[in-house]
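Engineer:
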Amino acid sequence: MTRTWPEDWESRKRGDSCVFCVDLSDRSFYSGRISEALLERRAVATGHAAVVFRGRHVTDLGDLTAEELAQYWRDVQHVGRAISRAFAPCHVNYLLLGNLAPHLHVHVVPRYLDDPAPGMPLPWAPSPVPEDVFDRQFTQLRELSRDAQR
Ligand SMILES: [Zn+2]
2 MTRTWPEDWE SRKRGDSCVF CVDLSDRSFY SGRISEALLE RRAVATGHAA
52 VVFRGRHVTD LGDLTAEELA QYWRDVQHVG RAISRAFAPC HVNYLLLGNL
102 APHLHVHVVP RYLDDPAPGM PLPWAPSPVP EDVFDRQFTQ LRELSRDAQR
């Protein structure tokens, strides 16, 4: 076997230097009961966000208790609803990857009728969101997340 994953993968999985094991509340447009929702500054689609499990370093859904799992998915659903209200996508993809940052988070990726991969996952090619656009979207999502039905 020729190893293709990074040499520090096991260290990342343990949580060493984890980018999500920090206080994210000042970057979050929505603080759920056990998560923080971040709008991506490098997005694969307009409104691309990530819902990050909060409280401890967890790499996999299997690490959650049944109660945490249910609450986490409620938080993900809440964010998905806010994104749908904000951007009116034709569909929403929920991606649990963790291939770069192995701390439990779900990418919420709105899909649009004119996107480049109808019927397929979007290519993972995030591009920078202009600062003024980011600020406008962040404010909109923060307000809609506050108002959305839970
Ligand atoms: Zn972590």
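Its first residue numbered 2, the sequence shown is counted upward by one per residue in my numbering. Here a beta-carbon is modelled for each residue, glycine too, at the ideal position from N, C-alpha and C. On a predicted model such as this, the values are computed, not experimentally measured, just so you know.
(1) If contacts are defined as beta-carbon pairs under 8 Å, then residue 30 and residue 105 qualify, I think. What distance do you get, rounded to the angstrom?
(2) By Cβ distance, which residues of its chain are closer than 7 Å to residue 96, with the 5 residues on each side in sequence left out?
(3) If contact is defined by three or more beta carbon pairs under 8 Å, each pair taking one atom from either stretch, is the stretch 37-50 in contact with the stretch 121-134?
(4) Threshold first: 3 residues or longer. Then list the beta strand (DSSP E) segments lying entirely within the stretch 35-99, N to C.
(5) Which word fits residue 13, buried or exposed, when buried means at least 16 other C-beta atoms lie within 10 angstroms of its C-beta?
(6) Examine chain C for any beta-carbon lying closer than 8 Å to the beta-carbon of residue 7, and answer yes or no.
(7) Within 10 angstroms of the Cβ of residue 131, are there 16 or more other Cβ atoms? Answer buried if so, exposed if not.
(8) Skipping 5 residues on each side, what residues in its chain have a beta carbon closer than 6 Å to that of residue 62?
(9) Would you mind working out which of 103, 59 and 35 sits nearest residue 6, comparing C-alpha positions?
(10) Grouping DSSP H, G and I as helix and E and B as strand, with all else coil, what is residue 107?
(11) Does DSSP classify residue 4 as helix, strand or coil?
(12) Give the residues whose C-beta lies closer than 5 Å to at least one heavy atom of ligand 1, in chain order.
(13) Mark residue 98 as exposed unless 16 or more other C-beta atoms lie within 10 angstroms of its C-beta, in which case mark it buried.
Structural biologist: With the given structure in hand:
(1) That belief does not hold up - the Cβ atoms of residue 30 and residue 105 are roughly 19 Å apart, past 8 Å.
(2) 107, 108 and 110
(3) yes
(4) 36-40, 50-54 and 92-96
(5) Buried, by the Cβ-count rule.
(6) No chain C appears in the structure shown, which is made up of a single protein chain.
(7) exposed
(8) none
(9) 103
(10) Strand, per DSSP.
(11) coil
(12) 16, 19, 21, 22, 58 and 104
(13) exposed
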